[in-house]
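Report on the structure given below.
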Amino acid sequence: MADLELSADAPACAADGVWLACIECGEQFAPFDDVRYTCDDCDGLLEVRYADPPTWDDFEGRGVWRYAAALPFDAGVSLPEGATPLHDVPRLEADIGVERLRVKHEGMNPTGSFKDRGMTVGVRVAQAVGVDRLACASTGNTSAALAAYGARGGMETLVLLPAGKVAAGKVAQASLHGARILEVDGNFDTCLDIVQDLAGRGEVYLLNSLNPFRLEGQKTIGLEILEQFRDEEGSYPDRIVAEEVPKLTGVQAAGAAPMVEAIDHGWDDTERWDDVETRATAIRIGNPVNAPKALPGIRATGGTAVAVSDEGITEAQQDLASEGVGVEPASAASVAGLRKLREAGVVDANEQVVCLTTGPLLKDPDAAAEAGEDPEPVPGTTAGVLDHLGG
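Residue numbers (our numbering): 8 to 398.
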């Protein structure tokens, strides 16, 4: 992997101090003169680089675009997004047994997931490069965000979903925002293979996470967590589950855990899982395209990755709900992972931890209903209700 420094002199191809660089061979490219998702020379993943990385003093305003000094543009196609809450969960904190536990609830974004952060930047870049049709493969949240931000930007949107594998609420979001929805006979990875092929043919502008500009918006989650934790706790967290550098900890469902497999075996990339299954539909992915970026990040910060069962995810979803924080199953995986790591002694009792929850419970109401209690039928009288309550 190429050594990509945080600060460097801008190459001739840069535009206003911004350029693209390959994480494998280090080749550099102009950011907006052409559409590219991977390196022309080696097909490696690309990162956005900046000649003058900002300091905390350069940030002003609220939300994602507070961090414009660390983004390719000063403003984007916005609804707006970001500035999501960092919840206290004192009972869960005590139950798991860590010094401090906060939950970053990304379900409070406009379409209900962290994907909005990426789309506000990605759609702005799409405008800059002059495309008119946006596309993605999705397990649901990306399609909802793409459709909403595409509509906001006045652009055509196309989404490919695995047939019968996406929660109805997420499909409804994309539909109402005007996306053209194709239900593919296959899983998410099949959808991504197709949409990447379409993008390679110039038919669409790809806004899955293979697009480096989308990740620029999503990195603001980390900046926001650090600022919020510093301002409210007086220090930075020891560990972010998704000292001055927190340990990055990844959590996957046991039925879809190629990243965990790669960490356990010391691999530089994942091996594709063709058969994946979990009730946490948003993370039902067998071929994570950004593994070559994520794996070094986890290792460099001294973090780890862990697989959790669907039963553990449901328990964590219920635990969060008992604190008033409602999330979809995939979001609860972070808390399930923290509990498992704490029980194994990987996470110490004196750690300060932030768990990232990426979407609200209404993203998957069927799963929420299964995890909750069934309604109790009663007679239509006060006496009948009191009798049922045992009063």
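Built from N, CA and C at the ideal position, the CB exists for glycine as well.
Cβ pair residue i, residue j closer than 8 Å
i: Ala-289; j: Glu-335; result: yes
i: Thr-146; j: Ile-320; result: no
i: Val-211; j: Leu-255; result: no
i: Met-115; j: Leu-153; result: no
i: Ala-374; j: Ala-340; result: no
i: Ala-323; j: Thr-285; result: no
i: Ala-307; j: Met-266; result: no
i: Ala-144; j: Cys-198; result: yes
i: Glu-113; j: Thr-364; result: yes
i: Leu-214; j: Ala-142; result: yes
i: Ile-201; j: Lys-111; result: no
i: Gln-325; j: Ala-378; result: yes
i: Leu-302; j: Asp-271; result: no
i: Pro-382; j: Gly-176; result: no
Outcome for residue i when other beta-carbon atoms lying within 10 angstroms are tallied against a minimum of 16
i: Asp-355; result: exposed
i: Leu-183; result: exposed
i: Pro-38; result: buried
i: Trp-63; result: exposed
i: Leu-393; result: exposed
i: Ser-120; result: buried
i: Pro-386; result: exposed
i: Glu-250; result: Any reading at Glu-250 needs caution, since the residue's pLDDT is 41, under 50, leaving its predicted position unreliable; the model's value is listed next. Exposed.
Secondary structure of residue i, DSSP reduced to three states
i: Ile-30; result: coil
i: Cys-143; result: strand
i: Glu-240; result: helix
i: Ile-188; result: strand
i: Phe-80; result: coil
i: Phe-39; result: coil
i: Gly-176; result: helix
i: Ala-101; result: helix
i: Pro-367; result: strand
i: Lys-111; result: strand
i: Arg-246; result: strand
i: Asp-282; result: coil
i: Asp-204; result: helix
i: Arg-73; result: helix
i: Val-55; result: strand
Residues of its chain near residue i, where Cβ-Cβ distance is below 6 Å and the 5 sequence neighbours each way are ignored
i: Arg-5; result: With the chain covering 8 to 398 only, the question about residue 5 has no answer from this structure.
i: Glu-34; result: Cys-46 and Asp-48
i: Ala-77; result: Pro-61
i: Arg-107; result: Gln-359
i: Lys-122; result: Asn-148, Thr-149 and Ala-152
i: Glu-240; result: none
Residues of its chain near residue i, where Cβ-Cβ distance is below 8 Å and the 5 sequence neighbours each way are ignored
i: Glu-67; result: Arg-73
i: Phe-236; result: Leu-93, Arg-109, Ser-242, Tyr-243, Pro-244, Gln-359 and Val-361
i: Glu-189; result: Here the sequence assigns Leu to residue 189, which means Glu is not the residue at that position. For Leu-189, where only same-chain residues beyond five positions count, the Cβ hits under 8 Å are Leu-165, Val-166, Leu-167 and Leu-168.
i: Val-128; result: Val-71, Leu-78, Pro-79, Phe-80, Gly-83, Phe-220, Arg-221, Glu-223 and Gly-224
Same chain only: Cβ atoms within 7 Å of residue i, ignoring 5 sequence neighbours per side
i: Cys-20; result: Trp-26, Gln-35, Phe-36 and Ala-37
i: Leu-368; result: Gly-333, Val-334, Glu-335 and Ala-375
i: Glu-330; result: Val-96, Arg-98 and Leu-99
Near the ligand ATP: residue i beta-carbon under 7 Å from a heavy atom
i: Pro-382; result: This structure does not include the ligand ATP; it has no bound ligands of any sort.
message: Taking 8 Å as the cut-off, does the stretch 184–198 touch the stretch 119–139 (at least 3 CB pairs, one atom from each stretch)?
response: no
field: Cβ contact check for the stretch 86–93 and the stretch 18–33: 3 or more pairs under 8 Å
entry: Short answer: they don't touch.
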